[in-house]
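Data first, discussion second: the structure below is written as C-alpha cells.
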Amino acid sequence: MINKKLLDILACPVCKGDIFEDKDELVCMKCKRRYPVIEGIPIMLEEEAKLK
Numbered sequence: 130m131i132n133k134k135l136l137d138i139l140a141c142p143v144c145k146g147d148i149f150e151d152k153d154e155l156v157c158m159k160c161k162r163r164y165p166v167i168e169g170i171p172i173m174l175e176e177e178a179k180l181k
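If you read the sequence shown in the working numbering, its first letter stands for residue 130, the second for the next number, and so on.
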C-alpha cells in the first residue's frame, strides 16, 4: 500500500492527472493509464503503463 501523502503529490507523468491506488497498480483518473507497483515502488514510466 502506497503512503497517502505520497499519493497526494504523485501525478501521471503523461497527462498530469491525479492518481489513485487500485490493488498493485496506480491509476490515472484522467487518461486511465495503469502504472505497476513492484515491491512497494511505483513505476511511473510511460512505457511501463497499461492503457485501459
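Each residue gets a CB set at the ideal place from its N, CA and C atoms; glycine is no exception.
Check: May I ask you to report which of helix, strand or coil DSSP gives L136?; Outcome: helix
Check: Could you check where the beta strand (DSSP E) with L155 kicks off and where it finishes?; Outcome: 154-157
Check: How is the beta strand (DSSP E) around D151 delimited, first residue to last?; Outcome: 148-151
Check: Tell me which residue opens and which closes the beta strand (DSSP E) that K166 is part of.; Outcome: Per the sequence shown, residue 166 should be read as Val rather than Lys. 162-167 is the span of the beta strand (DSSP E), which, as asked, contains V166.
Check: Under 9 Å between the Cβ atoms of K152 and L180?; Outcome: no
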